[in-house]
Amino acid sequence: MNRSKRLAAICATLFTCTLTIQAQTTPTRPKILGISHVGFFVSDLPKALDFWHGLLGYDEPYDLKNPDGTTRIAFIKINDHQHVELFNQQPPAGSGHLSHIAFIVSNAERMRLYLASRGILVGNQVSKGKTGDLNFEIKDPDGNLIEFVEPQPDGMEARNTGKFLPASRISDSIYHLGFLVGNSEKSIKFYGDLLAFHEFWRGSSNGTQLSWIDMQVPDGNDYVEFMLYRDLPPPDKRGGQEHISLLVPDVAKSINVLESRPAFQTYGKPVAPHTGVNGKRQVNLFDPDGTRVELMESETANGKPVPPSTAPPPN
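Going by mature numbering (1 follows the signal peptide of the UniProt record, and there is no 0), the letters in the sequence shown line up with residues -23 to -1, 1 to 292, in that order.
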């Protein structure tokens, strides 16, 4: 082999080695397994707890305290892997009552490194939260706070496995979380291209303009719902869009259960079932601050799938 051929062979080998090293060192996305929790700001914690305890039938496994001994965050347990966090404070100026949404990941540090490699602003390290689980936060294109959680064997959630799960719970699963999205294209790139969520349905409330886009986590069944808008609602009018959906097997039976509870007498809002644009039976409840809690069945009322809307998104 002459000199030029040897040099070409050496260069080809070095190039192949470089690609191999890059492939081995480029962080890959860990699994995103589902919804961990959602946080809401509440203006009156006792009233909010009466809604979640008295009406919806959930228990509070633990809380986090302020230095003065008052409750900073109350935890509402949905199941052993999902909960709701009630922040005992008014929301920041200009914000609605949604604090953040959180997803369970198989490895928090690998997720941090993966996002950093894709140009996403992340912290320098993953921290261990006050509940004992590993976590970190980023923001999506609309400024929604997104938390990634890696549960730990010594975390509060793991230590309370099988506990605080009363039969009175109106649902045992968070079905989806809804939040406001102003630019669907950017959000699809963020949740779809970056985080590997996949779109499975989109709907329109009026047939002329797209209203919702549903995106499922890549490694589980939970999903998020983009609540699209033309004009951003004022902070005190966002409770209907920034919502949590709880899965129930039978909406009519769930309503009967709610109406039988003493807390229903002071709830003071109409509870009317309806079939949504997606063809599924549902009913909307509202906490004292107007945040919507939606009870929804998993299958369509007539057993037939509803085709996705072809309406254009809002400008």
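In this text, a Cβ means the ideal position worked out from N, Cα and C, and glycines have one as well.
Cα-Cα separation between Ala249 and Asn261, rounded to whole angstroms: 8 Å
Local conformation of Asn112 per DSSP, three classes: strand
Selected residue, minimal CA-CA separation from Glu162, among Leu33, Pro289, Asp27, Ser20: Pro289
CB contact flag (Gly11, Ile81, <7 Å): yes
Alpha carbon of Gly120 to alpha carbon of Phe18, nearest angstrom: 16 Å
Ser145 versus Phe177: straight-line alpha-carbon distance, rounded: 32 Å
Close beta carbons around Tyr168, own chain, < 6 Å, minus the five adjacent residues each side: Phe174, Met192
Option nearest Arg6 by Cα separation, candidates Phe125, Val270, Lys246: Phe125
Other residues of its chain near Phe52: CB distance less than 7 Å, five sequence neighbours each side excluded: Glu37, Pro38, Tyr39, Asp40, His60, Glu62
Beta-carbon proximity check, Ala79 vs His14, cutoff 7 Å: yes
Integer-rounded CB distance, given that Asn112 should sit under 8 Å from Val103: 7 Å
Touching by the beta-carbon criterion (3+ pairs, under 8 Å), the region 202 to 219 and the region 130 to 141: no
Burial state of Pro226 (16 or more Cβ within 10 Å): exposed
Between the CA atoms of His58 and Ile151 - distance to the nearest angstrom: 10 Å
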